[in-house]
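Chemist: I have a structure here, written as structure tokens, and I will follow up with some questions on it.
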Amino acid sequence: MRREYSLNKKAGVLAIVLSAMFIAVAFSGCTTTKEPTTITLYYNSGNDARKLGCQLLKDNIEAITSDIKIEIQELAWAQYLDKLDKKEMPIFFLGWAPDYAHPDNYLDPFGRSSGTYANRVGFADSEIDAWIDEAKQELDATKATELYSKIEQKLFDQGVYLYIDQVINFQVQRTWVDGIFYNPMFSELMFKYISKNGSSDDTTFVEISVGGPQSLDPAWDYETSGGEIIQNVYETLVFYKEDSASELEPMLATEVPSIENGGISEDGLTYTFHLREGVKFHDGTAFNASAVKYSIDRAMYYDDPESPGWILTQVLDPENTSSVEVVDEYTVRFNLQFPYTPFIYCLAYTVASIVSPTYVEANGGVQPRSENNWMDTHMCGTGPFMLDEWAQDSTYIVLKKNPDYWGDEPALDTVRVEYVDEYNTRYLALTSGIADYIYAPREHASDLMNRESEGIKVLTGTPTFDVNFFGFNQAMKPFDDLNVRKAFCYALDYETYYNQIQSGITSPMQGVIPKGMFGHDYDLPIYTHDLTKAKEYLKAAGYTTK
Amino acid sequence: MKMYQYIIRRLLLLIPVLIGITILIFLLTRIGGDPAAAYITPRMTHEQIEKVKEIHGFNQPVYVQYLYYMGDILRGDWGISKAHQDMPVLDVIKLRLPATIELTIVAMLLATIVGIPLGVISATKKDKWPDHATRLFALSGVSIPIFWLGFLMQYIFFYLLKINGLPHLPLYGRATAGMYPPQVTGFFTLDSIIAGNPSMFLDTIAHLVMPAFCLSYVSLAEIARMTRSSMLEVMGQDYIRTARAKGLSERKVIYKHALRNALIPTVTIIGLSFGGLLAGAVLTETIFNWPGVGSWAAESIVRIDTAAIVGFTIIVAIMYTIVNLIVDLTYAYLDPRVRLE
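Those protein sequences? They're chains Z and F, same order as listed.
Take 1 as the starting number for the first sequence in my numbering and just add one per residue.
Take 547 as the starting number for the second sequence in my numbering and just add one per residue.
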């Protein structure tokens with residue numbers, strides 16, 4: 001019998017199947033002398049796809065051996081992270097999304113012994129550490145790519161993680177909207193590209209999303225809800241070009257520095273930017289090199305683990321006043337502590353947005369290690385849109401077109417982003433036409449696809465940079481054994497996960513560097529659902545199989 | 547005992563109640579897991595996490611943390627709500643409580659104004675069609691899940707009317723974006739009157755209709771059922787027969803003699819249903835995107851936002867105590883035999 005893993009499955013049926021399996025396991029346990037090993041599998045509550053993924057892995061493993069019994073445990077997100085940090089989970093479900101589009105933003109957390117995940121799964125390999133450090137400084141793209149492949153291959157061979165999937169984008173809009181395209185590095189939408197044609201009001205765009213910004217201060221905010229507003233009101237020196245996540249285009253700079261054009265020094269230690277002239281902030285202040293220095297220094301001042309400032313301070317010394325150097329009115333230079341090739345991408349993250357110095361100084365200024373509450377709710381940048389209103393109850397944000405924008409004039413006069421947590425409410429807003437774009441979880445795909453005649457259009461097909469995986473804690477039994485890790489990797493029924501749990505809107509995860517990012521190795525092997533191999537590895541680890 | 551002495555004594559009783567509640571909630575949030583968890587992100591290193599714990603005092607013994615916390619509460623510092631943009635808890639309450647109170651009051655008024663007459667009609671027309679209709683209505687009220695009713699109302703009174711080009715109720719929110727009245731009391735109905743803006747007032751009322759009805763339905767049904775059975779009981783009493791015998795009009799018999807006596811159990815139900823309304827507000831506020839304390843509390847629990855959970859609980863306890871006090875005072879008004887002691 002083929003098990004259903006769709007989200008609206010009947011709990012009762014599941015319970016019966018489970019109890020049948022439990023009895024089967026219990027009975028077969030009687031015939032062997034070995035006590036079954038019990039493993040607890042963790043996921044964060046509220047995430048149904050992860051819950052079903054855990055259930056699937058449990059079924060797959062328990063179907064091939066009676067020696068391992070898996071218990072599934074859900075934890076609230078905060079508790080989950082706490083337990084992760086304490087390294088108390090033998091195996092856990094997690095995901096990762098990058099801050100900047102560079103392989104290092106994956107290899108460091110996943111592979112380096114001090115990295116976020118490697119450290120928490122107890123993985124340490126001095127050879128990989130050395131390769132990652134070498135790659136960080138390698139200016140030759142070909143050589144760097146070779147290093148990435150070597151690291152990826154070794155992570156694969158060591159079975160450090162069970163790679164599950166790299167999610168495909170899923171966005172829903174009305175057909176009267178033009179100019180929405182997907183870039184994995186955008187925080188949702190860039191409104192300057194969007195236009196409307198044929199709705200009742202073509203100059204106002206309404207997006208209905210969930211949650212809401214934590215802060216509108218680029219130096220402080222570290223989540224995508226605020227990131228979306230920030231990337232439309234503030235600008236960085238360079239930014240991702242349209243739908244490309246690897247190619248940067250100049251924004252407030254006049255060109256993207258490279259070794260060829262002399263913008264990056266041969267030793268990779270200095271980055272020089274020539275700035276756009278005649279640009280004005282929303283308060284009328286002129287944009288220049290001192291504004292850049294002011295903004296970057298300000299972001300680095302927040303010495304707080306909850307802020308994104310580390311993206312800058314990992315290479316720029318905040319104590320050194322010449323880390324960001326004003327060369328002349330329209331030239332600015334960054335002096336790095338050591339060569340770090342991803343640096344240019346770090347400057348495309350919202351934390352490196354340029355703010356109006358006169359505006360900040362007039363409203364609280366910069367206090368080291370203390371949040372500027374005014375800047376949390378007020379904005380003054382150079383972008384195509386200006387903050388008009390953040391509703392007192394935080395339910396919506398209104399942006400108005402910047403009439404003095406230096407670039408092409410946006411088609412929209414007004415953008416309203418509303419935050420509605422209930423999907424059914426958002427769905428009615430979309431179908432009735434009061435919303436132009438909504439956030440829809442992918443389990444609703446079948447309700448939304450193929451409805452263009454009704455004016456509803458789904459955008460999908462591009463891989464995001466979001467990856468999902470299981471982490472094996474090598475410091476805990478039985479995952480200290482490579483054979484057990486490999487057995488788990490071969491046991492998971494990937495196709496069922498992709499098609500039933502993720503509604504087919506996903507793709508295999510091939511190594512930690514995602515498809516679509518430079519440095520991704522399309523020749524890297526992928527684990528498949530192979531029960532023969534899974535059983536072989538389990539036997540090698542000393543377990544009996546069915 | 548004089549009325550004001552009674553009120554003061556009841557209000558003083560709030561103090562031990564609140565101390566008990568804060569201890570209980572504080573311990574529960576600590577048992578639920580490490581409070582530092584709310585401040586951790588996956589990217590933090592172990593050292594950074596230790597630093598976060600130190601900053602927030604989470605490495606102190608629990609009773610020390612509680613004493614510090616109570617000291618802060620009395621000084622007016624209720625902590626920071628992680629689930630609400632790191633805003634001080636008191637500010638969040640000040641911002642969001644009026645939305646919940648406004649919704650709850652309108653829902654309670656609706657339940658009372660509609661529920662009591664429905665109960666009376668049902669009792670006086672016992673076993674005739676108005677009785678059957680009312681009983682069916684009341685039965686559906688106690689059986690329909692709030693969220694289902696909410697979606698159904700949105701579908702009919704917003705979606706179906708809108709796509710057919712008819713006047714419709716707003717889908718969600720407290721007011722149309724950009725139509726918020728200038729904030730004075732935080733109650734949009736009052737604020738729009740203060741601002742002297744009739745279109746804002748009508749907009750606010752239109753936004754209140756669906757969530758308020760959705761929230762009131764359960765209480766409305768309970769009130770109607772209780773009024774009906776209580777009326778039926780009273781109508782069989784001797785003094786009603788006497789009233790009729792001395793030739794009073796049926797209207798006077800029902801509203802002056804029967805209803806006043808029948809209302810005592812109904813008032814109890816109204817008081818009790820206030821708790822149900824607060825619980826229902828969590829669901830109703832989510833469906834209709836109503837920015838009150840209910841949706842904030844739900845979010846805070848998910849995020850182990852200790853300061854917010856304790857703050858919310860204190861506020862609810864105070865409101866509950868006050869409503870109970872009002873109920874007790876109403877008894878004394880309705881029935882002179884009840885003495886305040």
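Virtual Cβ for every residue (Gly too), placed ideally from N, Cα, C.
Computed from a predicted model, the values in this text were never measured in an experiment.
(1) Given a threshold of 16 other Cβ atoms within 10 Å of its Cβ, counted over all protein chains shown, does E593 of chain F qualify as buried or as exposed?
(2) Which one or two residues does DSSP pair with E35 of chain Z in a beta bridge?
(3) Could you give the distance in angstroms between the alpha-carbon of K798 of chain F and the alpha-carbon of Q783 of chain F?
(4) Could you please give me the residues that DSSP links to H274 of chain Z through a beta bridge?
(5) Just to confirm the assignment: which complete alpha helix (DSSP H) runs, minimum length 4, are found wholly within the segment 597-685 of chain F?
(6) Using a Cβ-Cβ cut-off of less than 9 Å, list which residues of the segment 392-410 of chain Z approach chain F; keep chain order.
(7) Which of the three DSSP states, helix, strand or coil, is assigned to A286 of chain Z?
(8) Less than 8 Å between CB atoms is the rule here; does T254 of chain Z satisfy it with respect to chain F?
(9) The segment 810-832 of chain F: which residues have C-beta closer than 7 Å to a C-beta of chain Z, in chain order?
(10) What number of angstroms, rounded off, separates the C-alpha of E452 of chain Z from the C-alpha of T859 of chain F?
(11) Closer than 7 Å by beta-carbon distance: list the chain Z residues that pair up with K708 of chain F, in chain order.
(12) If contact means a Cβ-Cβ distance below 7 Å, which residues of the segment 295-309 of chain Z contact chain F?
(13) When the Cα atoms are used, what is the spatial distance from L347 of chain Z to Q510 of chain Z?
(14) Please list, in chain order, the residues of the segment 644-668 of chain F that have any C-beta partner in chain Z closer than 9 Å.
(15) What are the residues of the segment 193-225 of chain Z that lie near chain F, defined by any Cβ-Cβ distance shorter than 7 Å?
(16) With 8 Å as the C-beta to C-beta threshold (strictly closer), list the residues of the segment 687-704 of chain F near chain Z in chain order.
(17) Which residues in the same chain have their Cβ closer than 8 Å to the Cβ of W842 of chain F, if we skip the five residues on either side of it in sequence?
(18) With L823 of chain F and M654 of chain F assumed to form a contact (beta carbons below 8 Å), what rounded beta-carbon distance in angstroms separates them?
(19) Using a C-beta to C-beta distance shorter than 7 Å, which residues of chain F count as neighbours of D85 of chain Z?
(20) Indicate whether I561 of chain F and F697 of chain F have their beta-carbon atoms separated by less than 8 Å.
(21) By Cβ distance, which residues of its chain are closer than 8 Å to A541 of chain Z, with the 5 residues on each side in sequence left out?
(22) Does A26 of chain Z get closer than 8 Å to chain F when you measure Cβ to Cβ?
(23) To the nearest angstrom, report how far apart E152 of chain Z and V512 of chain Z are at their CA atoms.
(24) Give me, in chain order, the residues of the same chain whose beta-carbon lies closer than 7 Å to that of T545 of chain Z; leave out the 5 immediate sequence neighbours on both sides.
(25) Report yes if the C-beta distance between Y427 of chain Z and C489 of chain Z is below 8 Å; otherwise report no.
(26) Can you tell me whether L558 of chain F is buried or exposed, with buried defined as 16 or more other CB within 10 angstroms of its CB?
(27) For G821 of chain F, which of F:L794, F:L805, F:I861, F:L809 has the nearest alpha-carbon?
(28) Using CA atoms only, rank isn't needed, just tell me which of F:T812, F:I692, F:T731 is closest to P757 of chain F.
(29) Give every residue of the same chain whose Cβ lies closer than 8 Å to the Cβ of L761 of chain F, excluding the five residues on either side of it in the sequence, and list them in chain order.
(30) State yes or no: is the C-beta of G217 of chain Z within less than 8 Å of the C-beta of M375 of chain Z?
(31) Starting from R556 of chain F, trace the alpha helix (DSSP H) in both directions and tell me its first and last residue.
(32) How about V598 of chain F: is its C-beta nearer than 8 Å to some C-beta of chain Z?
(33) Compute the beta-carbon to beta-carbon distance between W406 of chain Z and R298 of chain Z, rounded to the nearest angstrom, for a pair I have assumed lies under 8 Å.
(34) Do you know whose CA, among Z:F343, Z:S149, Z:E207, Z:D202, lies nearest P257 of chain Z's CA?
(35) Whole angstroms is fine: what's the gap from F273 of chain Z's alpha carbon to N288 of chain Z's?
(36) Nearest to E134 of chain Z by alpha carbon, out of Z:R112, Z:I354, Z:Y80?
Modeler: Per the coordinate set shown:
(1) Per the 10 Å Cβ criterion, exposed.
(2) Beta-bridge pairing links E35 of chain Z to no other residue.
(3) Going by the C-alpha atoms only, they are around 16 Å apart.
(4) DSSP output for H274 of chain Z lists Z:T331 as bridge partner(s).
(5) 608-620, 635-670, all fully within the segment 597-685 of chain F.
(6) Near chain F, meaning a CB-to-CB distance below 9 Å, the residues of the segment 392-410 of chain Z are Q392, D393, S394, T395, Y396, V398.
(7) A286 of chain Z falls in the strand class under three-state DSSP.
(8) No, T254 of chain Z lies away from the interface with chain F (no Cβ there is under 8 Å from its Cβ).
(9) Result list: T832.
(10) Each residue's CA atom was taken as its position, placing E452 of chain Z and T859 of chain F some 48 Å apart.
(11) In chain order: S432.
(12) In summary, the residues of the segment 295-309 of chain Z whose CB is separated from some CB of chain F by less than 7 Å are P305, E306, in the order they occur in the chain.
(13) Straight through space, the alpha carbons of Q510 of chain Z and L347 of chain Z are spaced by roughly 27 Å.
(14) If the cut-off is 9 Å between Cβ atoms, the segment 644-668 of chain F has A645 near chain Z.
(15) Within the segment 193-225 of chain Z, contact with chain F at the beta-carbon level (separation under 7 Å) is assigned to Q214, S215.
(16) Taking 8 Å as the Cβ-Cβ cut-off against chain Z, the residues of the segment 687-704 of chain F that qualify are F697, Q700, Y701, F704.
(17) Excluding sequence positions up to five before and after W842 of chain F, its CB lies within less than 8 Å of the CB of S627, A629, H630, V638, R642, A854, F858, all in the same chain and listed in chain order.
(18) Yes, they are in contact, since the Cβ atoms of L823 of chain F and M654 of chain F sit about 7 Å apart, within 8 Å.
(19) Neighbours of D85 of chain Z on chain F, chain order: I586, H592, I595.
(20) The Cβ atoms of I561 of chain F and F697 of chain F lie no closer than 8 Å to each other.
(21) For A541 of chain Z, where only same-chain residues beyond five positions count, the Cβ hits under 8 Å are P478, D481, N483, V484, A487.
(22) Any reading at A26 of chain Z must be qualified, since the residue scores a pLDDT of 47, below 50, and its modelled position is unreliable; no value is offered.
(23) Put simply, the backbone Cα of E152 of chain Z is about 7 Å away from that of V512 of chain Z.
(24) Closer than 7 Å at the Cβ level, and outside the excluded window around T545 of chain Z, lie I64, T65, K535, L538, K539.
(25) By the CB criterion at 8 Å, Y427 of chain Z and C489 of chain Z fall outside the cutoff.
(26) Using a 10 angstroms sphere on the CB of L558 of chain F, the tally of other CB atoms stays under 16, which defines it as exposed.
(27) Distances from the CA of G821 of chain F to each of F:L794, F:L805, F:I861, F:L809 were compared; the closest alpha carbon is that of F:I861.
(28) Measuring from the Cα of P757 of chain F, the nearest candidate turns out to be F:I692.
(29) Non-local beta-carbon contacts of L761 of chain F in its own chain, meaning distances under 8 Å to residues more than five positions away in sequence, involve L649, T650, A653, I692, L823, G826, A827, T830 in chain order.
(30) A small correction: the amino acid at residue 217 of chain Z is Asp; Gly does not occupy that position in the sequence shown. For the 8 Å CB-CB criterion, D217 of chain Z and M375 of chain Z form a contact.
(31) Per DSSP, R556 of chain F belongs to the alpha helix (DSSP H) from 549-558.
(32) Closer than 8 Å: yes.
(33) For W406 of chain Z against R298 of chain Z, the beta-carbon gap comes to about 22 Å, at or over 8 Å, which does not count as contact.
(34) Residue Z:F343 is the option with its Cα nearest to P257 of chain Z.
(35) Taking the straight line joining both Cα atoms gives about 11 Å.
(36) For E134 of chain Z, the nearest C-alpha among the options comes from Z:R112.
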